[in-house]
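Below: the structure, in C-alpha coordinates.
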Amino acid sequence: MQYLVLFFILAVLDHIYFRCKFVREKGPAVWCGFPFVGILPVLLLPKRLYMPIYDWYLKTAPDVVITRHFYPVTIVKRRYVKELQKNDSCIHRISNALFETLGELCTGRQGWSLFDGPFPNADWRSSRKVNVMALHVLPKRRKFDKIAEVAKTFLEKIEERNGESWDFEDDLTFSKFQESANLNLGATFDSDDISGFIRDLKAVMTVAFGLFCVSVVIPLKSLFTLERWLPYSKRPSVFSRVYKELLWRLQFEKMAAVGGEAHDYVEALLRVRSPEVAHQNLRENAIFLVVASTMTTLHSTASALCHLALHPRFQEKILREYHEVVGSSKLTSDHLDDMHFLRAVVNEAVRISPPIPLVERYTRSRCQLGDIDIPAHMPLLVLMQSEVVDPKTYPDPEVFNPFRFLDGNMKLKDQVQAPFARGKRSCPGQDIALISIAVYVAEIVRHFELIPENPNAKVPGYDGAVFPSLPKIPIRFVRRPGAPAIEHVALKGGLTAIIRQVVDDDKKLNSNS
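Just so we're aligned: the sequence shown equals residues 8 to 520 in the numbering used here.
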(Lines of atoms letter the chains of each structure in order from A; the text may use other names.)
(Lines give C-alpha, C1' and ligand atoms only; values in the text may rest on other atoms or scores of the structure.)
Protein backbone atom coordinates (compact mmCIF):
# COMPACT_ATOMS: atom_id res chain seq x y z
CA MET A 8 0.00 0.00 0.00
CA GLN A 9 2.81 2.39 0.86
CA TYR A 10 4.29 1.89 -2.61
CA LEU A 11 0.97 2.77 -4.21
CA VAL A 12 0.79 5.93 -2.12
CA LEU A 13 4.37 6.80 -3.09
CA PHE A 14 3.59 6.20 -6.77
CA PHE A 15 0.48 8.38 -6.52
CA ILE A 16 2.44 11.22 -4.91
CA LEU A 17 5.19 11.01 -7.54
CA ALA A 18 2.59 10.90 -10.32
CA VAL A 19 0.91 14.05 -8.99
CA LEU A 20 4.26 15.82 -8.69
CA ASP A 21 5.15 14.72 -12.22
CA HIS A 22 1.86 16.12 -13.51
CA ILE A 23 2.33 19.43 -11.67
CA TYR A 24 5.94 19.76 -12.87
CA PHE A 25 5.02 19.14 -16.52
CA ARG A 26 2.16 21.64 -16.48
CA CYS A 27 4.17 24.29 -14.63
CA LYS A 28 6.97 23.95 -17.17
CA PHE A 29 4.89 24.21 -20.33
CA VAL A 30 1.55 25.92 -19.63
CA ARG A 31 1.79 29.47 -20.96
CA GLU A 32 -0.78 32.15 -21.78
CA LYS A 33 0.03 32.02 -25.52
CA GLY A 34 1.44 28.53 -25.52
CA PRO A 35 0.00 25.32 -26.99
CA ALA A 36 -2.46 23.09 -25.20
CA VAL A 37 -0.67 20.82 -22.72
CA TRP A 38 -1.52 17.12 -22.42
CA CYS A 39 0.42 15.32 -19.71
CA GLY A 40 -0.75 11.83 -20.61
CA PHE A 41 0.12 8.95 -18.32
CA PRO A 42 2.50 9.55 -15.39
CA PHE A 43 6.18 9.58 -16.43
CA VAL A 44 5.60 8.08 -19.92
CA GLY A 45 2.99 10.45 -21.37
CA ILE A 46 1.27 9.11 -24.49
CA LEU A 47 3.72 6.24 -25.07
CA PRO A 48 1.24 3.51 -23.99
CA VAL A 49 -1.18 4.76 -26.65
CA LEU A 50 1.53 4.66 -29.32
CA LEU A 51 2.34 1.06 -28.39
CA LEU A 52 -1.23 -0.16 -28.79
CA PRO A 53 -2.00 -2.69 -31.56
CA LYS A 54 -2.92 -0.95 -34.80
CA ARG A 55 -6.60 -1.90 -34.56
CA LEU A 56 -6.82 -0.06 -31.22
CA TYR A 57 -4.41 2.74 -32.07
CA MET A 58 -6.02 3.86 -35.34
CA PRO A 59 -9.43 4.92 -33.89
CA ILE A 60 -7.57 7.07 -31.36
CA TYR A 61 -5.38 8.53 -34.11
CA ASP A 62 -8.43 9.34 -36.27
CA TRP A 63 -10.15 10.95 -33.29
CA TYR A 64 -7.04 13.04 -32.62
CA LEU A 65 -6.89 14.28 -36.22
CA LYS A 66 -10.52 15.41 -36.13
CA THR A 67 -10.99 16.84 -32.64
CA ALA A 68 -7.71 17.58 -30.83
CA PRO A 69 -6.18 21.08 -30.78
CA ASP A 70 -3.92 21.77 -33.75
CA VAL A 71 -0.85 22.32 -31.56
CA VAL A 72 -0.33 20.24 -28.40
CA ILE A 73 2.65 19.78 -26.09
CA THR A 74 2.77 16.24 -24.72
CA ARG A 75 5.47 13.60 -24.21
CA HIS A 76 6.44 10.00 -24.78
CA PHE A 77 10.00 9.58 -23.53
CA TYR A 78 10.60 13.31 -23.78
CA PRO A 79 8.43 16.41 -24.34
CA VAL A 80 7.22 16.84 -27.90
CA THR A 81 4.91 19.29 -29.67
CA ILE A 82 2.42 17.72 -32.08
CA VAL A 83 1.43 19.98 -34.98
CA LYS A 84 -1.39 19.39 -37.43
CA ARG A 85 -3.74 20.96 -40.00
CA ARG A 86 -3.25 24.64 -40.86
CA TYR A 87 -0.13 24.98 -38.71
CA VAL A 88 1.73 22.39 -40.81
CA LYS A 89 2.11 24.91 -43.63
CA GLU A 90 3.32 27.63 -41.26
CA LEU A 91 5.83 25.30 -39.63
CA GLN A 92 7.31 24.22 -42.97
CA LYS A 93 8.06 27.84 -43.85
CA ASN A 94 9.46 28.78 -40.43
CA ASP A 95 13.28 28.79 -40.46
CA SER A 96 13.36 28.05 -36.73
CA CYS A 97 11.52 24.75 -37.26
CA ILE A 98 13.37 23.13 -40.15
CA HIS A 99 16.00 21.12 -38.29
CA ARG A 100 15.57 17.53 -37.19
CA ILE A 101 16.23 16.24 -33.71
CA SER A 102 19.18 13.94 -33.18
CA ASN A 103 18.19 10.47 -32.00
CA ALA A 104 19.65 7.02 -31.52
CA LEU A 105 18.13 5.55 -34.68
CA PHE A 106 19.35 8.19 -37.14
CA GLU A 107 22.76 8.53 -35.48
CA THR A 108 23.28 4.76 -35.71
CA LEU A 109 22.25 4.71 -39.37
CA GLY A 110 24.44 7.75 -40.00
CA GLU A 111 27.46 6.05 -38.45
CA LEU A 112 26.86 2.87 -40.46
CA CYS A 113 26.71 4.82 -43.72
CA THR A 114 29.44 7.42 -43.14
CA GLY A 115 31.74 5.73 -40.62
CA ARG A 116 31.54 8.83 -38.41
CA GLN A 117 30.19 8.89 -34.88
CA GLY A 118 27.56 11.50 -34.08
CA TRP A 119 26.55 11.84 -37.72
CA SER A 120 22.79 11.87 -38.15
CA LEU A 121 21.49 10.29 -41.35
CA PHE A 122 19.59 13.45 -42.31
CA ASP A 123 21.27 16.43 -40.68
CA GLY A 124 24.97 15.67 -40.44
CA PRO A 125 27.13 16.02 -37.32
CA PHE A 126 25.48 16.94 -34.03
CA PRO A 127 25.34 19.15 -32.01
CA ASN A 128 26.19 21.55 -34.86
CA ALA A 129 24.12 19.91 -37.57
CA ASP A 130 24.40 21.45 -41.00
CA TRP A 131 21.75 19.84 -43.16
CA ARG A 132 22.04 22.67 -45.68
CA SER A 133 25.44 21.60 -47.04
CA SER A 134 24.29 18.04 -47.68
CA ARG A 135 21.05 19.27 -49.22
CA LYS A 136 22.94 21.75 -51.40
CA VAL A 137 25.01 18.92 -52.87
CA ASN A 138 21.87 16.86 -53.51
CA VAL A 139 20.10 19.75 -55.22
CA MET A 140 23.12 20.53 -57.40
CA ALA A 141 23.54 16.91 -58.48
CA LEU A 142 19.82 16.41 -59.08
CA HIS A 143 19.71 19.50 -61.27
CA VAL A 144 22.95 18.71 -63.10
CA LEU A 145 21.16 15.56 -64.24
CA PRO A 146 18.91 16.78 -67.10
CA LYS A 147 15.17 16.26 -66.80
CA ARG A 148 15.18 14.29 -70.04
CA ARG A 149 17.78 11.91 -68.62
CA LYS A 150 15.80 11.41 -65.41
CA PHE A 151 12.72 10.62 -67.48
CA ASP A 152 14.57 8.13 -69.69
CA LYS A 153 16.02 6.26 -66.69
CA ILE A 154 12.56 5.94 -65.14
CA ALA A 155 10.82 5.02 -68.40
CA GLU A 156 13.31 2.22 -69.11
CA VAL A 157 12.38 0.40 -65.92
CA ALA A 158 8.67 1.16 -66.28
CA LYS A 159 8.68 -0.79 -69.55
CA THR A 160 10.09 -3.86 -67.81
CA PHE A 161 7.17 -3.65 -65.36
CA LEU A 162 4.75 -3.53 -68.29
CA GLU A 163 6.25 -6.83 -69.43
CA LYS A 164 5.59 -8.28 -65.97
CA ILE A 165 1.96 -7.17 -66.24
CA GLU A 166 1.62 -8.75 -69.68
CA GLU A 167 2.90 -12.07 -68.33
CA ARG A 168 -0.12 -12.17 -65.98
CA ASN A 169 -2.44 -12.34 -68.99
CA GLY A 170 -5.26 -10.43 -67.32
CA GLU A 171 -5.52 -12.55 -64.16
CA SER A 172 -6.25 -11.00 -60.77
CA TRP A 173 -2.95 -10.00 -59.28
CA ASP A 174 -1.42 -8.77 -56.04
CA PHE A 175 1.24 -6.65 -57.74
CA GLU A 176 3.06 -5.46 -54.60
CA ASP A 177 6.22 -7.60 -54.85
CA ASP A 178 6.74 -7.00 -58.57
CA LEU A 179 6.09 -3.26 -58.30
CA THR A 180 8.42 -3.02 -55.29
CA PHE A 181 11.23 -4.72 -57.21
CA SER A 182 10.57 -2.50 -60.23
CA LYS A 183 10.81 0.62 -58.08
CA PHE A 184 14.11 -0.56 -56.57
CA GLN A 185 15.37 -1.12 -60.10
CA GLU A 186 14.25 2.38 -61.02
CA SER A 187 16.03 3.98 -58.06
CA ALA A 188 19.22 2.02 -58.73
CA ASN A 189 19.11 2.87 -62.44
CA LEU A 190 18.53 6.57 -61.76
CA ASN A 191 20.96 7.04 -58.88
CA LEU A 192 23.68 4.42 -59.39
CA GLY A 193 23.49 3.88 -63.14
CA ALA A 194 23.09 0.09 -62.85
CA THR A 195 20.37 -2.37 -61.90
CA PHE A 196 20.07 -5.72 -60.17
CA ASP A 197 20.39 -8.78 -62.39
CA SER A 198 17.40 -10.60 -60.92
CA ASP A 199 14.92 -10.46 -58.08
CA ASP A 200 17.47 -11.98 -55.67
CA ILE A 201 17.13 -8.88 -53.48
CA SER A 202 13.71 -10.16 -52.41
CA GLY A 203 15.06 -11.03 -48.95
CA PHE A 204 16.38 -7.49 -48.50
CA ILE A 205 13.05 -6.09 -49.69
CA ARG A 206 11.12 -8.23 -47.18
CA ASP A 207 13.37 -7.12 -44.32
CA LEU A 208 13.07 -3.47 -45.34
CA LYS A 209 9.28 -3.64 -45.62
CA ALA A 210 9.09 -5.26 -42.18
CA VAL A 211 11.08 -2.36 -40.71
CA MET A 212 9.10 0.26 -42.62
CA THR A 213 5.72 -1.03 -41.47
CA VAL A 214 6.39 -1.15 -37.73
CA ALA A 215 3.91 0.68 -35.55
CA PHE A 216 4.72 4.28 -34.70
CA GLY A 217 5.14 3.43 -31.01
CA LEU A 218 7.96 1.00 -31.74
CA PHE A 219 9.59 3.69 -33.85
CA CYS A 220 9.44 6.04 -30.84
CA VAL A 221 11.24 3.41 -28.77
CA SER A 222 13.90 2.89 -31.45
CA VAL A 223 14.80 6.58 -31.55
CA VAL A 224 15.62 6.48 -27.84
CA ILE A 225 17.25 3.09 -27.31
CA PRO A 226 20.76 3.10 -28.88
CA LEU A 227 20.91 0.61 -31.73
CA LYS A 228 24.69 0.56 -31.37
CA SER A 229 24.13 -2.36 -29.02
CA LEU A 230 23.83 -4.41 -32.21
CA PHE A 231 27.57 -3.93 -32.74
CA THR A 232 28.28 -5.83 -29.53
CA LEU A 233 25.82 -8.59 -30.44
CA GLU A 234 26.66 -8.94 -34.10
CA ARG A 235 28.85 -12.02 -33.70
CA TRP A 236 25.62 -13.95 -33.12
CA LEU A 237 23.92 -12.46 -36.16
CA PRO A 238 24.05 -13.99 -39.65
CA TYR A 239 27.00 -12.55 -41.56
CA SER A 240 24.83 -10.67 -44.06
CA LYS A 241 22.88 -8.93 -41.25
CA ARG A 242 25.85 -7.66 -39.23
CA PRO A 243 26.00 -3.86 -38.98
CA SER A 244 29.78 -3.69 -39.44
CA VAL A 245 29.54 -5.83 -42.57
CA PHE A 246 26.88 -3.54 -44.02
CA SER A 247 29.06 -0.50 -43.33
CA ARG A 248 32.14 -1.99 -45.03
CA VAL A 249 30.24 -3.39 -48.00
CA TYR A 250 28.33 -0.14 -48.51
CA LYS A 251 31.55 1.89 -48.54
CA GLU A 252 33.38 -0.44 -50.92
CA LEU A 253 30.39 -0.78 -53.25
CA LEU A 254 30.20 2.99 -53.67
CA TRP A 255 33.95 3.22 -54.33
CA ARG A 256 33.75 0.61 -57.09
CA LEU A 257 30.74 2.26 -58.69
CA GLN A 258 32.48 5.61 -58.47
CA PHE A 259 35.69 4.32 -60.10
CA GLU A 260 33.65 3.03 -63.03
CA LYS A 261 32.01 6.42 -63.45
CA MET A 262 35.21 8.46 -63.08
CA ALA A 263 36.53 7.01 -66.33
CA ALA A 264 33.48 8.36 -68.15
CA VAL A 265 33.36 11.88 -66.65
CA GLY A 266 32.72 14.40 -69.40
CA GLY A 267 29.69 15.19 -71.46
CA GLU A 268 26.16 14.72 -70.16
CA ALA A 269 25.61 12.97 -66.83
CA HIS A 270 23.54 9.78 -67.03
CA ASP A 271 22.82 9.17 -63.33
CA TYR A 272 23.19 10.69 -59.86
CA VAL A 273 26.74 9.39 -59.31
CA GLU A 274 27.96 10.88 -62.59
CA ALA A 275 26.13 14.12 -61.82
CA LEU A 276 27.76 14.32 -58.39
CA LEU A 277 31.21 13.84 -59.92
CA ARG A 278 30.49 16.91 -62.08
CA VAL A 279 30.20 19.16 -59.02
CA ARG A 280 32.59 17.58 -56.48
CA SER A 281 36.11 16.13 -56.34
CA PRO A 282 36.29 12.29 -56.17
CA GLU A 283 37.08 12.24 -52.43
CA VAL A 284 34.33 14.70 -51.51
CA ALA A 285 31.92 13.02 -53.91
CA HIS A 286 32.55 9.67 -52.23
CA GLN A 287 31.77 11.09 -48.80
CA ASN A 288 28.61 12.72 -50.17
CA LEU A 289 27.61 9.37 -51.67
CA ARG A 290 28.08 7.62 -48.33
CA GLU A 291 25.91 10.25 -46.67
CA ASN A 292 23.11 10.19 -49.22
CA ALA A 293 23.06 7.12 -51.51
CA ILE A 294 21.17 4.72 -49.25
CA PHE A 295 18.64 7.40 -48.40
CA LEU A 296 18.14 8.38 -52.05
CA VAL A 297 17.59 4.78 -53.16
CA VAL A 298 15.36 3.66 -50.29
CA ALA A 299 13.41 6.93 -49.87
CA SER A 300 12.63 7.35 -53.55
CA THR A 301 11.66 3.68 -53.82
CA MET A 302 9.26 3.53 -50.89
CA THR A 303 7.54 6.86 -51.60
CA THR A 304 6.98 6.42 -55.34
CA LEU A 305 6.00 2.78 -54.77
CA HIS A 306 3.29 3.86 -52.35
CA SER A 307 1.91 6.64 -54.54
CA THR A 308 2.01 4.59 -57.75
CA ALA A 309 0.01 1.82 -56.05
CA SER A 310 -2.44 4.42 -54.75
CA ALA A 311 -2.96 5.84 -58.25
CA LEU A 312 -3.42 2.43 -59.90
CA CYS A 313 -5.91 1.16 -57.33
CA HIS A 314 -8.03 4.30 -57.29
CA LEU A 315 -8.04 4.39 -61.08
CA ALA A 316 -9.22 0.77 -61.15
CA LEU A 317 -12.25 1.88 -59.14
CA HIS A 318 -12.88 4.85 -61.47
CA PRO A 319 -12.97 3.68 -65.12
CA ARG A 320 -13.96 7.14 -66.39
CA PHE A 321 -10.70 8.57 -65.04
CA GLN A 322 -8.80 5.88 -66.94
CA GLU A 323 -10.60 6.84 -70.12
CA LYS A 324 -9.81 10.50 -69.55
CA ILE A 325 -6.10 9.73 -69.12
CA LEU A 326 -6.16 7.57 -72.25
CA ARG A 327 -7.87 10.32 -74.25
CA GLU A 328 -5.36 12.88 -73.00
CA TYR A 329 -2.50 10.53 -73.91
CA HIS A 330 -3.74 10.21 -77.49
CA GLU A 331 -4.29 13.98 -77.80
CA VAL A 332 -0.87 14.97 -76.44
CA VAL A 333 1.39 12.07 -77.39
CA GLY A 334 -0.46 10.50 -80.30
CA SER A 335 1.44 7.61 -81.85
CA SER A 336 4.84 8.99 -80.88
CA LYS A 337 6.94 7.98 -77.89
CA LEU A 338 6.12 9.52 -74.49
CA THR A 339 8.72 12.09 -73.43
CA SER A 340 9.29 14.38 -70.47
CA ASP A 341 7.98 17.33 -72.50
CA HIS A 342 4.66 15.54 -73.03
CA LEU A 343 4.09 15.27 -69.28
CA ASP A 344 3.99 19.06 -68.98
CA ASP A 345 0.89 19.12 -71.20
CA MET A 346 -0.90 16.16 -69.59
CA HIS A 347 -2.76 18.11 -66.93
CA PHE A 348 -5.34 15.49 -65.99
CA LEU A 349 -2.65 12.81 -65.59
CA ARG A 350 -0.72 15.08 -63.24
CA ALA A 351 -3.91 15.88 -61.33
CA VAL A 352 -4.47 12.13 -60.85
CA VAL A 353 -0.91 11.81 -59.53
CA ASN A 354 -1.42 14.72 -57.12
CA GLU A 355 -4.68 13.24 -55.87
CA ALA A 356 -3.09 9.80 -55.39
CA VAL A 357 -0.37 11.40 -53.25
CA ARG A 358 -2.92 13.46 -51.31
CA ILE A 359 -5.41 10.73 -50.51
CA SER A 360 -2.70 8.32 -49.35
CA PRO A 361 0.44 10.23 -48.29
CA PRO A 362 3.59 8.07 -48.40
CA ILE A 363 5.01 10.03 -45.44
CA PRO A 364 2.19 10.66 -42.93
CA LEU A 365 4.41 12.37 -40.34
CA VAL A 366 7.88 13.87 -39.92
CA GLU A 367 10.02 15.08 -37.03
CA ARG A 368 11.41 18.57 -36.66
CA TYR A 369 13.15 20.57 -33.94
CA THR A 370 13.06 24.22 -32.85
CA ARG A 371 16.50 25.79 -32.60
CA SER A 372 15.01 28.90 -30.97
CA ARG A 373 11.71 30.15 -29.61
CA CYS A 374 9.25 30.74 -32.43
CA GLN A 375 5.61 31.29 -33.25
CA LEU A 376 3.09 29.29 -35.24
CA GLY A 377 0.27 31.74 -35.81
CA ASP A 378 -0.33 33.25 -32.39
CA ILE A 379 1.03 30.21 -30.51
CA ASP A 380 4.45 30.40 -28.84
CA ILE A 381 6.65 27.31 -29.25
CA PRO A 382 9.57 26.87 -26.81
CA ALA A 383 13.15 26.60 -28.01
CA HIS A 384 14.83 23.17 -28.26
CA MET A 385 11.47 21.47 -28.65
CA PRO A 386 11.02 18.29 -30.73
CA LEU A 387 8.11 18.64 -33.16
CA LEU A 388 5.96 15.85 -34.53
CA VAL A 389 4.33 17.10 -37.73
CA LEU A 390 1.22 15.19 -38.79
CA MET A 391 1.47 15.71 -42.55
CA GLN A 392 -1.63 13.62 -43.18
CA SER A 393 -3.79 16.00 -41.13
CA GLU A 394 -3.52 18.69 -43.80
CA VAL A 395 -4.64 16.49 -46.70
CA VAL A 396 -7.66 15.07 -44.84
CA ASP A 397 -8.83 18.46 -43.54
CA PRO A 398 -12.24 19.21 -45.15
CA LYS A 399 -11.52 22.94 -44.87
CA THR A 400 -8.61 22.48 -47.26
CA TYR A 401 -9.94 19.59 -49.34
CA PRO A 402 -13.75 19.20 -49.35
CA ASP A 403 -14.84 15.55 -49.14
CA PRO A 404 -11.25 14.47 -48.44
CA GLU A 405 -12.09 10.75 -48.46
CA VAL A 406 -13.23 10.96 -52.12
CA PHE A 407 -10.72 10.39 -54.93
CA ASN A 408 -11.27 13.48 -57.06
CA PRO A 409 -8.45 14.65 -59.38
CA PHE A 410 -10.52 17.66 -60.48
CA ARG A 411 -9.72 19.41 -57.18
CA PHE A 412 -6.23 20.07 -58.64
CA LEU A 413 -7.55 21.55 -61.91
CA ASP A 414 -8.78 25.07 -62.59
CA GLY A 415 -11.77 26.08 -64.69
CA ASN A 416 -9.74 25.66 -67.89
CA MET A 417 -8.72 22.11 -66.91
CA LYS A 418 -5.16 23.26 -66.30
CA LEU A 419 -3.17 22.06 -63.31
CA LYS A 420 -3.25 24.50 -60.41
CA ASP A 421 0.05 25.83 -59.14
CA GLN A 422 -0.28 24.10 -55.79
CA VAL A 423 2.44 22.64 -53.57
CA GLN A 424 1.69 19.11 -52.41
CA ALA A 425 1.80 18.90 -48.61
CA PRO A 426 3.59 15.50 -48.43
CA PHE A 427 6.60 17.01 -50.23
CA ALA A 428 6.79 19.83 -47.66
CA ARG A 429 7.43 23.49 -48.40
CA GLY A 430 10.07 26.12 -47.91
CA LYS A 431 13.79 25.51 -47.55
CA ARG A 432 13.33 21.92 -46.45
CA SER A 433 10.98 20.78 -49.18
CA CYS A 434 11.84 17.49 -50.85
CA PRO A 435 14.62 18.14 -53.43
CA GLY A 436 13.57 15.07 -55.41
CA GLN A 437 9.85 15.79 -55.70
CA ASP A 438 10.04 16.42 -59.44
CA ILE A 439 11.63 12.98 -59.91
CA ALA A 440 8.92 11.39 -57.75
CA LEU A 441 6.12 13.01 -59.73
CA ILE A 442 7.73 12.01 -63.05
CA SER A 443 8.06 8.43 -61.81
CA ILE A 444 4.42 8.09 -60.78
CA ALA A 445 3.18 9.80 -63.94
CA VAL A 446 5.25 7.60 -66.27
CA TYR A 447 4.02 4.37 -64.69
CA VAL A 448 0.39 5.49 -64.67
CA ALA A 449 0.46 6.83 -68.24
CA GLU A 450 2.12 3.78 -69.77
CA ILE A 451 0.04 1.27 -67.83
CA VAL A 452 -3.27 2.96 -68.70
CA ARG A 453 -2.17 3.26 -72.33
CA HIS A 454 -1.62 -0.51 -72.60
CA PHE A 455 -4.04 -1.99 -70.05
CA GLU A 456 -7.49 -1.51 -68.63
CA LEU A 457 -7.44 -1.68 -64.83
CA ILE A 458 -10.31 -3.79 -63.48
CA PRO A 459 -10.78 -4.35 -59.72
CA GLU A 460 -11.54 -7.86 -58.50
CA ASN A 461 -14.28 -6.27 -56.38
CA PRO A 462 -15.82 -3.10 -57.88
CA ASN A 463 -17.05 -2.10 -54.41
CA ALA A 464 -13.66 -2.48 -52.77
CA LYS A 465 -12.16 0.35 -50.77
CA VAL A 466 -8.48 1.20 -51.00
CA PRO A 467 -6.98 0.85 -47.49
CA GLY A 468 -6.03 4.05 -45.71
CA TYR A 469 -3.27 4.86 -43.24
CA ASP A 470 -2.62 1.95 -40.88
CA GLY A 471 -0.47 3.55 -38.16
CA ALA A 472 2.93 2.47 -39.47
CA VAL A 473 5.99 4.71 -39.82
CA PHE A 474 5.82 4.04 -43.56
CA PRO A 475 2.21 3.06 -44.31
CA SER A 476 1.39 -0.31 -45.82
CA LEU A 477 0.77 -0.25 -49.54
CA PRO A 478 -2.71 1.07 -50.46
CA LYS A 479 -3.68 -1.83 -52.70
CA ILE A 480 -6.57 -3.98 -53.87
CA PRO A 481 -6.43 -6.99 -56.24
CA ILE A 482 -6.51 -5.76 -59.84
CA ARG A 483 -6.77 -7.34 -63.28
CA PHE A 484 -4.69 -5.66 -65.97
CA VAL A 485 -6.46 -6.44 -69.25
CA ARG A 486 -4.72 -5.64 -72.55
CA ARG A 487 -6.46 -2.83 -74.42
CA PRO A 488 -7.50 -3.70 -77.99
CA GLY A 489 -5.21 -1.92 -80.42
CA ALA A 490 -2.64 -0.96 -77.79
CA PRO A 491 0.91 -0.94 -79.22
CA ALA A 492 3.39 -3.69 -78.47
CA ILE A 493 5.44 -3.18 -75.33
CA GLU A 494 8.98 -2.13 -76.16
CA HIS A 495 11.57 -4.47 -74.66
CA VAL A 496 14.38 -2.65 -72.84
CA ALA A 497 17.63 -4.33 -71.83
CA LEU A 498 18.61 -2.62 -68.59
CA LYS A 499 22.25 -2.20 -67.67
CA GLY A 500 22.74 -4.81 -64.96
CA GLY A 501 25.82 -5.67 -62.97
CA LEU A 502 24.82 -4.33 -59.57
CA THR A 503 24.14 -7.78 -58.13
CA ALA A 504 27.51 -9.07 -59.35
CA ILE A 505 29.35 -6.10 -57.83
CA ILE A 506 27.60 -6.56 -54.48
CA ARG A 507 28.39 -10.29 -54.43
CA GLN A 508 32.03 -9.62 -55.26
CA VAL A 509 32.32 -6.99 -52.53
CA VAL A 510 30.70 -9.34 -49.98
CA ASP A 511 32.98 -12.24 -51.00
CA ASP A 512 36.07 -10.04 -50.75
CA ASP A 513 34.95 -8.84 -47.32
CA LYS A 514 34.48 -12.43 -46.11
CA LYS A 515 37.95 -13.42 -47.31
CA LEU A 516 39.55 -10.38 -45.74
CA ASN A 517 37.91 -11.02 -42.37
CA SER A 518 38.55 -14.75 -42.38
CA ASN A 519 42.26 -14.10 -42.95
CA SER A 520 42.56 -11.40 -40.27
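Quick reminder that beta carbons are idealized off the backbone N, C-alpha and C, glycines included.
Under 8 angstroms between C-beta atoms of residue i and residue j
| i | j | result |
| --- | --- | --- |
| L192 | V298 | no |
| V509 | V249 | yes |
| R290 | K324 | no |
| P541 | H314 | For residue 541 there is no data in the structure shown, the boundaries of the chain being 8 and 520. |
| S310 | I363 | no |
| V44 | H22 | no |
| E156 | N103 | no |
| F151 | T339 | yes |
| L162 | A316 | no |
| L419 | R350 | yes |
| T301 | F184 | yes |
| C39 | R31 | no |
| A504 | D271 | no |
Closest Cα partner of residue i within the set the options
| i | options | result |
| --- | --- | --- |
| N354 | I442, L376, K399 | I442 |
| E186 | M417, I444, I458, E405 | I444 |
| N517 | R242, S340, N169, V83 | R242 |
| F451 | L20, K159, I46 | Sequence check: residue 451 is Ile here, not Phe. Among L20, K159, I46, the Cα nearest to that of I451 belongs to K159. |
| V357 | L253, D70, V448, Y369 | V448 |
| G471 | D403, P361, L387 | P361 |
| R368 | K164, K147, P386, H22 | P386 |
| V49 | R373, A311, P42, I60 | I60 |
| V83 | G34, F151, L56, G118 | G34 |
| A146 | G501, L326, L276 | Note that residue 146 is Pro in the sequence shown, not Ala. Ranking the options by Cα distance to P146, first place goes to L276. |
| T308 | I439, K515, F29, K93 | I439 |
| K153 | T503, L498, H330 | L498 |
| I294 | D512, F321, S247 | S247 |
| E405 | K465, A18, F412 | K465 |
| N169 | R487, E494, T503 | R487 |
| T370 | F41, I101, N463, Y329 | I101 |
| P79 | S281, G334, Y24, G489 | Y24 |
| K337 | V446, C113, Q375, K66 | V446 |
| R327 | R453, F204, D271, D341 | R453 |
| I205 | K28, D197, T180 | T180 |
| V491 | T114, C374, H330 | In the sequence on display, residue 491 carries Pro and not Val. Ranking the options by Cα distance to P491, first place goes to H330. |
| T81 | V245, S240, R116, L365 | L365 |
| K54 | D511, F29, L237, Y469 | Y469 |
| N292 | S120, V352, Y239 | S120 |
| L13 | P42, T114, D178 | P42 |
Nearest-angstrom Cβ-Cβ length linking residue i and residue j, presumed shorter than 8 angstroms
| i | j | result |
| --- | --- | --- |
| I506 | L253 | 6 angstroms |
| A194 | G436 | Incorrect: roughly 19 angstroms between the Cβ atoms, too far for contact. |
| E167 | I493 | No, E167 and I493 are not in contact; Cβ-Cβ is about 11 angstroms, not under 8 angstroms. |
| A269 | R148 | So it is not a contact: roughly 11 angstroms between Cβ atoms. |
| H318 | F407 | 6 angstroms |
| P478 | P467 | 5 angstroms |
Cβ of residue i within 8 angstroms of any chain D Cβ
| i | result |
| --- | --- |
| P459 | Of the protein chains in the structure, only one exists, and it is not chain D. |
If contact is defined by three or more beta carbon pairs under 8 angstroms, each pair taking one atom from either stretch, is the stretch 380 to 396 in contact with the stretch 79 to 89?
With the cut-off at 8 angstroms, the stretch 79 to 89 and the stretch 380 to 396 touch.
Query raised in the report: Is the stretch 471 to 483 close to the stretch 170 to 178, with three or more CB pairs under 8 angstroms?
Result: Counting Cβ pairs under 8 angstroms, three or more are found: they touch.
*Would you call the stretch 283 to 296 and the stretch 243 to 258 touching, i.e. three or more CB-CB distances under 8 angstroms?*
Output reads yes: the stretch 243 to 258 touches the stretch 283 to 296.
Worksheet item: Quick one: complete beta strand (DSSP E) runs, 3+ long, within the stretch 369 to 455?
Response: Listed in chain order, they are 374 to 376, 379 to 381, 386 to 390.
The stretch 68 to 87 in contact with the stretch 104 to 119 per 3-pair CB rule at 8 angstroms:
Result no; under three Cβ-Cβ pairs closer than 8 angstroms.
*Evaluate contact between the stretch 92 to 101 and the stretch 399 to 407, counting only Cβ atoms and requiring at least three cross-stretch pairs below 8 angstroms.*
With a cut-off of 8 angstroms on Cβ pairs, the stretch 92 to 101 is not in contact with the stretch 399 to 407, counting fewer than three such pairs.
### Task
Count the CB pairs spanning the stretch 331 to 351 and the stretch 375 to 383 that are closer than 8 angstroms, and state whether there are at least three.
Output reads no: the stretch 375 to 383 does not touch the stretch 331 to 351.
Only counting runs of 3 or more residues, tell me where the beta strand (DSSP E) segments fall wholly within the stretch 455 to 481, in order along the chain. Counting whole runs of 3 or more residues, the stretch 455 to 481 contains the beta strand (DSSP E) stretches 455 to 459.
Exercise. With a floor of 4 residues, list each alpha helix (DSSP H) that falls wholly inside the stretch 247 to 293, ordered by position along the chain.
Key: Entirely contained in the stretch 247 to 293, the alpha helix (DSSP H) runs reaching 4 residues are, in chain order, 272 to 279.
Check: In the stretch 318 to 378, which residue ranges form an unbroken beta strand (DSSP E) of at least 3 residues, counting only runs that do not cross its ends?
Finding: Counting only runs of 3 or more residues that sit fully inside the stretch 318 to 378, the beta strand (DSSP E) segments are 365 to 369, 374 to 376, in chain order.
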